[in-house]
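Here is the structure we will look at.
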Amino acid sequence: MNKQLNDEEKDSQLRDDIRLLGALLGEIIAEQQGLPVFAAIEEVRQLSVQYRRFDDNAARAKLEARLEALTQDETISLIRSFSIFSMLSNIAEDCHLIRRNRQHELAGMPAREASLDYTIAELSRVGVNRDAVLARLKKTESVPVLTAHPTEVQRKSVLDAQQSIIALIRHRDEIQLTLEEANAWRDELKAAVQRLFQTRLLRRNKLSVIDEVNNALAYFDSTFFAQVPQVYRKLQSLLSLPSTDNFLPVNEDPLGKVLTVGSWIGGDRDGNPFVTAQVLDTTLKIQSSKVLEHYLAEVNCLIREFSVTDYFLKPNPRLTDLANTSGEDSAHRMDETLRRACVAIRNRLQATLQQAVQGECTAQAYSSPAGLLSDLNTLFSALSENGMQRIAEGRLALLARKVKVFGFSLMALDLRQNSDVFEAVVADLLKQSTLGKTDYLASSEAERVALLCAELRTPRLLFSDSLQYSERTHSEMAIFRKAKLAHQVLGVSAIQNCIISKTASVSDLLELAVLLKEAHLLNVATGELAVNIVPLFETIEDLQAAPAIMATLFDIAEYRALMASRGHVQEVMLGYSDSNKDGGFVTSGWSLYQAEIGLVDVFAKHGIKIRLFHGRGGSVGRGGGSSYHAILGQPPGAVDGRIRLTEQGEVIAAKYGIESLGRRNLEVLVSANLMVSEHTELTREVPSKYLELMAKLSNHAFNAYRDLVYNTDGFLEYFKQSTVISEIASLNIGSRPASRKANWTIEDLRAIPWVFSWAQSRVMLPGWYGFGTAVATLRSSLTEAELLDLQAMAKQWPFFNTMLSTLNMVLAKADMAIASRYAAMVEDAELREKVFGRIAAEHARAVEGLLWLTGQEELLSDNPLLKRSIEARFPYVDPLNHVQVELLRRHRQGELDERVARGVHLSINGIATGLRNSG
């Protein structure tokens, strides 16, 4: 009881903020749209609450009638109002989390789990000393990779309006306002809410790739530029490292490249015809301009701050020489050598920026970040030698760290393409070079490998300007040539990885190697490979084959010869989204885990270091959930200090939109990496009986999932009619098509809109279906001892515990009552009853199975904060679902009023906002 009271007290400020924001929004709706509209919105909300809480069919009938009676304008107003309230609730929750973290620190309480303070202390507790931590950090790589996907629904203008509200709430939290200030603050907050209310929520036009690039770069201003260096500074403080380390070359720095940022946006061509060589070139220039302009702004700040006269700072020869290249000959500055040295750095940075934009080398430009770092070190040494260490350790030291992390390219841009495309290009090159004698596509796998290895042994190129190639071949080769040019102008850090989607064979990797040779990104004479060749295993079948494919690859001398130039590190990407669509949530997770175990074994036997790249989404159906616990649940040896994971478009704003939350999420990634690589309790072997039980659970879940999704007649038609998949295809969300092909099959549909559509209808099917049947089957077939083991592994095995935790969350968000309203849109009554009946029954089994496994009395009883959060937002998300069903009915009946289509789109936006991590 006391615990509940404490939780209630902790959340009292959150409830107050939600009430205040809701009241302000209500006032604005009444003022701007009239009391009748406000009354209609409130009536719908109350009926929705009554229907949810009491499963009241009379309330459902009244709700349906009320929604049907709404005019088109009233409908739009209702959707906008509930959507914006969901945004305001999210803001209140985020600000409350920041507030609680601050209160925790101010109270001097123990470090929170997943913070760096906690991690270093915990490692010390289990016997991992400072030297061991430093040895691990030296080879640690933690890389969040930003991607754009079709569930990123919020406009930047909307995000900016939300940031204004966040800033006001945080300002109030951090100082004590007088009565006059509090009144003024409320007025300002109301104005900010009104600006949000009156901002268009939907884009008028579909996003371009460059729009997506610019959207992602906004998070460098809000979080990455400021907080990535602070993570390094925190580690330096915890491990008592000197500030001089900031100026050491990366290979001499004890912290190496512990944390960097990557991106796919502008380099991901898989199914996206809009990513061309020109788009790639523009992306690289935009990124480089972004980081160089930031450095220029920081150096300009240093020029203003470093007003130190030579009377106090005795210049050493290096500082004097640097200052003398500035061209600054004002008599007022002659005794300010430090400031003139900063001007010299600014001049060279401006030349470097010009070079990056124009693509032409200039003599004054820095040839590499190392040159800039050296000049910054000159400033640091001069300050330190003159007793000005405190000044040197401020902005200057942080800038040096930024230069080491972000370089001149800001972040490494990955290239990605489907293996079918690489196959077609190689086939075209071989066919043209042999005048049609080589039919690569008709060759067996063994014949292909032999052909490709032969090409990797000769420096002769296949491509010739005198031969005719397909448009696809020219397009792909243009991409690789741009990558080569980027290496020459921006350095090799600009593009470090090329990913092969749908990898299913050894030849898929060798094909890319041949194409890299054609673009001079691979020198077969020296064995120098300029980018990593990264296979992406996505389907259940491909995940199962991954260890054998890599073992065969490593036995090929021509490929092994390339490993030395990549530090004997091979990256492998694992796809969560497609494996889930292919085999369901349980089997996807288990197949990924098994693949990692197999890969770790193969790599160890061949003396190759593994770096896994996890292609996780925001939703459970796409590998979403807690990054920290997901990493802790990895098999022993699978991380080993090196991890990359995607930050999908829809969660970038949630994780990195607010600076302090962004800092927390960055720390979580580094902490999880350290913990799973070094903590003795996380590196020990998993009991074999757990693995055997998990295999049985997965097998039953797989059969149940496949039977519904792939073996049920009419299921595709049910999916199309009971979800918003058709409407999503027309929404101006991302730059990629919803399906890889024009035809409508589940196999060809992208996993992202598949998951997103089920989330919109509140079924959340990809996140749980099959689990209930699997548990029920095991409960009826296992011995009593085995059942006790199954319950024990739910608590003791981090991998399974994390799986159940994410399952718990998604089952709590699913709602079969609302889902039944979407099912009612299926015209074939027999199909509707057959499919929805199975879905509802499996949902009940899943909840029962989860509660039995965990020993909980109800969903989320072990996470009361999340439980209250979800329950608090339902009264505002549910009406959006109800009105979406009504609008879909009108839309599909052929109503031509553009407000109907716009209302559907607005409701998709609002539900995604209310559910968060929904796609």
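Quick note on numbering: the sequence shown equals residues 766 to 1684 in the numbering used here. Ideal placement from N, C-alpha and C gives every residue a C-beta, glycine not left out. Computed from a prediction, not measured in an experiment: that's the story for all the values here.
Once you ignore the five residues that flank L1555 on each side, which residues in its own chain have a CB closer than 6 Å to its CB? In its chain, beyond the 5 residues on either side, L1458 have a beta carbon closer than 6 Å to the beta carbon of L1555.
For L835, count the other beta carbons within 10 Å of its own beta carbon; 16 or more makes it buried, fewer makes it exposed. Which is it? Flag for L835 reads buried.
Can you tell which of D1018, A1322, R1098 and D1010 has its C-alpha closest to the C-alpha of A1157? For A1157, the closest C-alpha among the options D1018, A1322, R1098 and D1010 is that of D1010.
Using 8 Å as the cut-off, can you tell me whether the stretch 1391-1403 makes contact with the stretch 1564-1577, which would need three or more C-beta pairs spanning the two stretches below that distance? Yes: the two stretches touch, three or more of their Cβ pairs being nearer than 8 Å.
Which residues in the same chain have their Cβ closer than 8 Å to the Cβ of L770, if we skip the five residues on either side of it in sequence? Residue placement at L770 cannot be trusted, given a pLDDT of 44 that sits under 50; what the coordinates show is reported in the next sentence. Hits under 8 Å: none found.
Please report how far the alpha carbon of C1066 lies from the alpha carbon of Q1115, in whole angstroms. Roughly 15 Å separates the two Cα atoms.
Determine the closest residue to T1510 out of K1346, T1102 and M1590, with distance taken between C-alpha atoms. Selected option, being the one with the closest Cα: K1346.
Applying the 10 Å Cβ sphere with the 16-neighbour rule, what's the burial state of V891? Here V891 is exposed, its C-beta having fewer than 16 other C-beta atoms within 10 Å.
For the alpha helix (DSSP H) that contains T1223, what are its first and last residues? Unbroken run through T1223: none, as it is neither H nor E.
Give me the Cα-Cα distance between T1678 and L1661, rounded to the nearest whole angstrom. Answer to the nearest angstrom: the Cα atoms are 27 Å apart.
Entirely enclosed alpha helix (DSSP H) segments - the stretch 1136-1197, minimum 4 residues: Scanning the stretch 1136-1197 for uninterrupted alpha helix (DSSP H) segments of 4 residues or longer gives 1154-1157 and 1160-1171, listed from N- to C-terminal end.
Kindly list the residues whose CB is nearer than 7 Å to the CB of L1006, restricted to its own chain and excluding five residues on each side of it in sequence; keep chain order. Hits under 7 Å: P1019.
Assigned exposure category for E1220 - 16 Cβ within 10 Å defines buried: Buried.
Can you tell me which of A1284, S1258 and L1410 puts its alpha carbon nearest to the alpha carbon of S1229? Ranked by Cα distance from S1229, the first of A1284, S1258 and L1410 is A1284.
Boundaries (first-last residue) of the beta strand (DSSP E) holding E887: Looking at the DSSP string, E887 is not in any beta strand (DSSP E); the run it does join, the alpha helix (DSSP H), is L881 to R890.
Classify A1460: buried if its beta carbon has 16 or more other beta carbons within 10 angstroms, exposed otherwise. Result: exposed.
Mind reading off the beta-carbon distance from F1071 to L1645? Whole number of angstroms is fine, and I expect it under 8 Å. The C-beta distance from F1071 to L1645 rounds to 54 Å, too long to meet the 8 Å contact threshold.
Would you report the Cα separation of A926 and S777, rounded to the nearest angstrom? If you draw a straight line from the Cα of A926 to the Cα of S777, it comes to about 25 Å.
Presumed contact (8 Å Cβ cut-off) between S842 and V802, rounded CB distance: About 5 Å separates the two Cβ atoms, so the contact holds.
Would you kindly report the start and end of the unbroken beta strand (DSSP E) that includes N866? Unbroken run through N866 is the alpha helix (DSSP H), Q837 to L871; no beta strand (DSSP E).
Go ahead and pull the three-state DSSP assignment for N1288. Reduced to three states, the DSSP call for N1288 is strand.
Assigned exposure category for R1237 - 16 Cβ within 10 Å defines buried: R1237 comes out exposed.
Short check: CB of A897 to CB of E1443, under 8 Å? It is a contact, given that the beta carbons lie within the stated cut-off.
Reference I931; option with closest CA among I1417, D1478, I1423 and K1370: That would be I1423, whose Cα lies nearest to the Cα of I931.
Helix, strand or coil for P1014, going by three-state DSSP, please let me know. Coil at P1014, not helix or strand.
Could you name the residues of the same chain whose beta carbon sits closer than 8 Å to that of Q1119, not counting the 5 residues immediately before and after it, in chain order? Same-chain partners within the cutoff: T1127 and A1130.
Where K921 and N980 are concerned, what is the direct C-alpha to C-alpha distance, given to the nearest angstrom? When rounded, the distance between both Cα atoms is 7 Å.
In this structure, does DSSP put C1218 in helix, strand or coil? Helix, per DSSP.
Among R1113, D1075, L1084 and A876, the one whose alpha carbon lies nearest that of H1097: Proximity to H1097 across R1113, D1075, L1084 and A876 peaks at D1075, based on C-alpha coordinates.
Could you tell me the alpha carbon to alpha carbon distance between A872 and D1580, rounded to whole angstroms? If I take the Cα positions, the gap works out to 39 Å.
Looking at A1121 and K1050, is the spacing between their C-beta atoms short of 8 Å? In this structure, K1050 places its C-beta atom within 8 Å of the C-beta atom of A1121.
Host beta strand (DSSP E) of C1126 (start-end): Unbroken run through C1126: none, as it is neither H nor E.
Do Y1534 and T988 have their C-beta atoms within less than 8 Å of each other? The Cβ-Cβ distance between Y1534 and T988 does not fall below 8 Å.
According to the Cβ coordinates, are L1287 and G1479 closer than 8 Å? Cβ distance not < 8 Å, so L1287 and G1479 don't count as in contact.
8 Å Cβ cutoff met for R1034 and I1244: In this structure, I1244 lies closer than 8 Å to R1034 by Cβ.
Rounded Cβ spacing between A1559 and L1569 (contact assumed at less than 8 Å): Confirmed, Cβ separation roughly 6 Å.
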